[in-house]
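All remarks here apply to the structure that follows.
In the numbering used here, the protein residues as written are 48 to 302.
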């Protein structure tokens, strides 16, 4: 049974974690389901914006289910659990469409890393964020010390990772990590997504690529994607393809 649902309505996609009994903590199957949804969304021409949310009132996501990784060998833990999760969260971060995290409750560990992989975040007033990995003898493994280091001031990141402190929604908003504090995060996210649908999809996509290239998020791929997109619109590209198919020498114009 799926615990990560995908619904697409009028151009807005919603990815919803649905494992509230376990505080929406990720299992191996949930990671695989998320990866499948992201592959579909990347190729979907009908989707203009994505919202990531969760069922239940106790947690947006409490991270990774300890039962999913507690018995893994060190090699299995590093080679598969950490790297697979990292790869999937990177896939979310690099999605060509804007992504909004709608956090009605707490985001801990991998749940915070999931939210960090989204473009912007909306939190409920009572929600908090934390990196509690040291409580169970591990460290953040799905970009908590890397992507979060680019999004949060270093002292605040250290408060969570080294001292185990929770950060409130209001404080997260004050430092710019959260775009808005809302009593209804999902509804606010839907309003934001609706605004995106009125913008140029291509301009939004390219702007996201440019920002990511500037801050180092998959910079090499972003630069080549931008360059390839520009050259694909050129007359020389069309001439090169036509000449190849006709088995003749191309006559490039530089246009």
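We put the beta carbon where it would ideally sit given N, CA and C, even for glycine. Here the structure is a predicted model, which is why all the values come from computation and not from measurement.
Neighbourhood of residue i by C-beta distance below 8 Å, restricted to the same chain and skipping five residues each side
i	result
residue 263	197
residue 143	89, 252, 255 and 256
residue 133	188, 189 and 190
Separation of residue j from residue i, as counted between CA atoms
i	j	result
residue 51	residue 59	16 Å
residue 151	residue 114	25 Å
residue 154	residue 276	36 Å
residue 295	residue 286	10 Å
residue 99	residue 163	11 Å
Proximity below 8 Å, CB of residue i to CB of residue j
i	j	result
residue 216	residue 157	no
residue 235	residue 169	yes
residue 102	residue 76	no
residue 224	residue 199	yes
residue 149	residue 233	yes
Sequence-distant residues of its chain with Cβ nearer than 6 Å to residue i (five each side left out)
i	result
residue 54	61
residue 229	169 and 235
residue 161	108
Cβ shell of residue i (< 7 Å), same chain only, five flanking positions each side left out
i	result
residue 167	147 and 226
Local conformation of residue i per DSSP, three classes
i	result
residue 185	coil
residue 286	helix
residue 141	coil
residue 212	coil
residue 106	strand
Residue range of the beta strand (DSSP E) that includes residue i
i	result
residue 147	146-150
residue 61	59-64
Host alpha helix (DSSP H) of residue i (start-end)
i	result
residue 161	157-163
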